Amino acid sequence: MRTYNTVLGGLMQAVSGDFVACGCEEQPRIIARYATLWTFIDEGSAQLDGKPGQTEPVDQAASGNYLSDDVPRYDEQVLATGRGATDGYPYFIEMSDGRTEGGRLERPVLLSRISTMVADDYTIYWGDEALAKQAGA
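Per our numbering, the sequence shown runs over residues 318 to 454.
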(Lines of atoms letter the chains of each structure in order from A and count residues from 1; the text may use other names and numbers.)
(Lines give C-alpha, C1' and ligand atoms only; values in the text may rest on other atoms or scores of the structure.)
Protein backbone atom coordinates (compact mmCIF):
# COMPACT_ATOMS: atom_id res chain seq x y z
CA MET A 1 0.00 0.00 0.00
CA ARG A 2 1.35 3.43 -0.82
CA THR A 3 2.01 5.85 1.98
CA TYR A 4 0.66 9.35 2.20
CA ASN A 5 3.07 12.27 2.26
CA THR A 6 2.04 14.40 5.23
CA VAL A 7 4.53 17.12 4.24
CA LEU A 8 2.64 17.67 0.96
CA GLY A 9 -0.82 17.82 2.49
CA GLY A 10 -1.63 14.12 2.39
CA LEU A 11 -0.87 13.36 -1.26
CA MET A 12 -0.03 9.76 -2.12
CA GLN A 13 3.67 8.96 -2.37
CA ALA A 14 5.04 8.45 -5.89
CA VAL A 15 6.89 5.20 -6.46
CA SER A 16 9.08 3.82 -9.22
CA GLY A 17 7.02 3.08 -12.31
CA ASP A 18 4.40 5.79 -11.74
CA PHE A 19 3.75 8.21 -14.58
CA VAL A 20 4.93 11.81 -14.22
CA ALA A 21 2.02 14.26 -14.50
CA CYS A 22 3.16 16.56 -17.30
CA GLY A 23 2.08 17.67 -20.75
CA CYS A 24 4.83 15.65 -22.44
CA GLU A 25 4.07 13.82 -25.69
CA GLU A 26 5.64 10.64 -24.27
CA GLN A 27 4.68 10.53 -20.61
CA PRO A 28 7.79 9.65 -18.56
CA ARG A 29 7.79 7.30 -15.57
CA ILE A 30 9.42 7.76 -12.20
CA ILE A 31 12.60 5.71 -11.75
CA ALA A 32 13.78 5.13 -8.19
CA ARG A 33 17.45 6.04 -7.94
CA TYR A 34 18.40 6.33 -4.28
CA ALA A 35 16.00 3.84 -2.78
CA THR A 36 16.72 2.33 0.59
CA LEU A 37 15.04 -0.85 1.74
CA TRP A 38 11.28 -0.45 1.33
CA THR A 39 8.55 -2.99 0.77
CA PHE A 40 5.25 -1.88 -0.74
CA ILE A 41 2.43 -4.25 -1.45
CA ASP A 42 -0.23 -2.66 -3.66
CA GLU A 43 -3.48 -4.28 -2.56
CA GLY A 44 -5.84 -2.17 -4.59
CA SER A 45 -6.31 1.21 -6.16
CA ALA A 46 -7.43 4.54 -4.86
CA GLN A 47 -7.04 8.08 -6.02
CA LEU A 48 -7.11 11.25 -3.98
CA ASP A 49 -9.79 13.68 -5.05
CA GLY A 50 -7.69 16.61 -3.86
CA LYS A 51 -8.63 16.43 -0.19
CA PRO A 52 -6.36 14.60 2.26
CA GLY A 53 -7.89 11.40 3.60
CA GLN A 54 -10.59 11.09 0.94
CA THR A 55 -10.35 8.43 -1.75
CA GLU A 56 -12.48 6.94 -4.46
CA PRO A 57 -12.11 3.71 -6.47
CA VAL A 58 -10.13 3.96 -9.69
CA ASP A 59 -10.25 1.71 -12.74
CA GLN A 60 -6.52 0.96 -13.11
CA ALA A 61 -6.87 -0.37 -16.63
CA ALA A 62 -8.58 2.83 -17.75
CA SER A 63 -6.18 5.21 -16.02
CA GLY A 64 -3.01 3.35 -17.00
CA ASN A 65 -1.40 4.96 -13.95
CA TYR A 66 -0.05 1.87 -12.24
CA LEU A 67 2.95 -0.42 -12.38
CA SER A 68 2.05 -3.07 -14.95
CA ASP A 69 3.78 -6.25 -16.07
CA ASP A 70 5.39 -4.46 -19.04
CA VAL A 71 7.46 -2.10 -16.85
CA PRO A 72 11.15 -3.08 -16.77
CA ARG A 73 11.96 -4.87 -13.52
CA TYR A 74 15.75 -4.59 -13.72
CA ASP A 75 17.36 -1.19 -13.91
CA GLU A 76 20.94 -0.10 -13.45
CA GLN A 77 23.34 2.64 -14.39
CA VAL A 78 27.10 2.17 -14.36
CA LEU A 79 29.29 4.73 -12.60
CA ALA A 80 32.67 4.67 -14.35
CA THR A 81 35.70 5.06 -12.08
CA GLY A 82 39.46 4.86 -12.55
CA ARG A 83 42.05 6.65 -14.68
CA GLY A 84 40.16 6.35 -17.97
CA ALA A 85 36.86 7.61 -16.58
CA THR A 86 37.13 11.16 -17.89
CA ASP A 87 34.67 13.56 -19.48
CA GLY A 88 34.16 12.79 -23.16
CA TYR A 89 35.47 9.20 -23.07
CA PRO A 90 33.38 7.11 -25.52
CA TYR A 91 31.38 4.02 -24.54
CA PHE A 92 29.01 1.65 -26.33
CA ILE A 93 26.66 -0.87 -24.66
CA GLU A 94 25.27 -3.98 -26.38
CA MET A 95 22.41 -5.78 -24.65
CA SER A 96 21.63 -9.45 -25.29
CA ASP A 97 18.20 -8.51 -26.73
CA GLY A 98 19.91 -6.50 -29.51
CA ARG A 99 19.39 -3.02 -28.09
CA THR A 100 22.37 -0.67 -28.01
CA GLU A 101 23.26 2.56 -26.22
CA GLY A 102 26.28 4.72 -26.80
CA GLY A 103 27.72 8.07 -25.96
CA ARG A 104 30.46 9.83 -24.09
CA LEU A 105 31.00 10.07 -20.37
CA GLU A 106 29.83 13.27 -18.68
CA ARG A 107 30.20 14.38 -15.05
CA PRO A 108 29.28 12.51 -12.98
CA VAL A 109 30.72 9.78 -15.18
CA LEU A 110 27.52 7.76 -15.59
CA LEU A 111 26.68 5.60 -18.59
CA SER A 112 23.20 5.32 -20.08
CA ARG A 113 20.60 3.69 -17.83
CA ILE A 114 19.89 0.05 -18.78
CA SER A 115 16.37 -1.27 -18.13
CA THR A 116 15.28 -4.84 -18.89
CA MET A 117 12.39 -7.17 -18.09
CA VAL A 118 14.67 -10.02 -16.95
CA ALA A 119 18.09 -10.24 -15.32
CA ASP A 120 20.59 -10.44 -18.17
CA ASP A 121 24.12 -9.61 -19.27
CA TYR A 122 25.35 -6.75 -21.43
CA THR A 123 28.72 -5.78 -22.87
CA ILE A 124 30.36 -2.35 -22.57
CA TYR A 125 32.94 -1.28 -25.14
CA TRP A 126 35.31 1.60 -24.35
CA GLY A 127 37.42 4.05 -26.35
CA ASP A 128 38.31 3.07 -29.93
CA GLU A 129 36.21 -0.11 -29.75
CA ALA A 130 33.19 1.98 -28.73
CA LEU A 131 33.77 4.44 -31.59
CA ALA A 132 34.02 1.56 -34.08
CA LYS A 133 30.75 0.05 -32.78
CA GLN A 134 29.01 3.44 -32.95
CA ALA A 135 30.18 3.79 -36.57
CA GLY A 136 28.68 0.38 -37.37
CA ALA A 137 31.92 -1.57 -37.69
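Glycine included, each C-beta is placed from N, C-alpha and C at the ideal position.
Computed from a predicted model, the values in this text were never measured in an experiment.
L427 sits exposed, since fewer than 16 C-beta atoms from the chains shown fall within 10 Å of its C-beta.
For V337, same chain residues with a beta-carbon under 8 Å away, outside a window of 5 residues either side, are Q344, P345, R346, I347 in chain order.
With contacts defined by Cβ atoms closer than 8 Å, L422 and Y406 form a contacting pair.
For E446, the secondary structure class from DSSP, reduced to helix, strand or coil, is helix. In this structure, the straight-line span from the alpha carbon of G420 to that of S429 is close to 8 Å. Residue burial is scored here from C-beta neighbours: A447 has at least 16 other C-beta atoms within 10 angstroms and is therefore classed as buried. About 23 Å separates the CB atoms of Y408 and V435; that is not less than 8 Å, and the two are not in contact.
Within the DSSP secondary-structure output, L428 pairs in no beta bridge. With distances taken between CA atoms, G334 lies nearest to S432 out of S432, R416, K450, Q394. Beyond the five residues adjoining it in sequence on each side, R424 comes within less than 8 Å, by CB distance, of D404 in the same chain, given in chain order.
Membership of D392 in the beta strand (DSSP E) is indicated by the continuous run 391-393.
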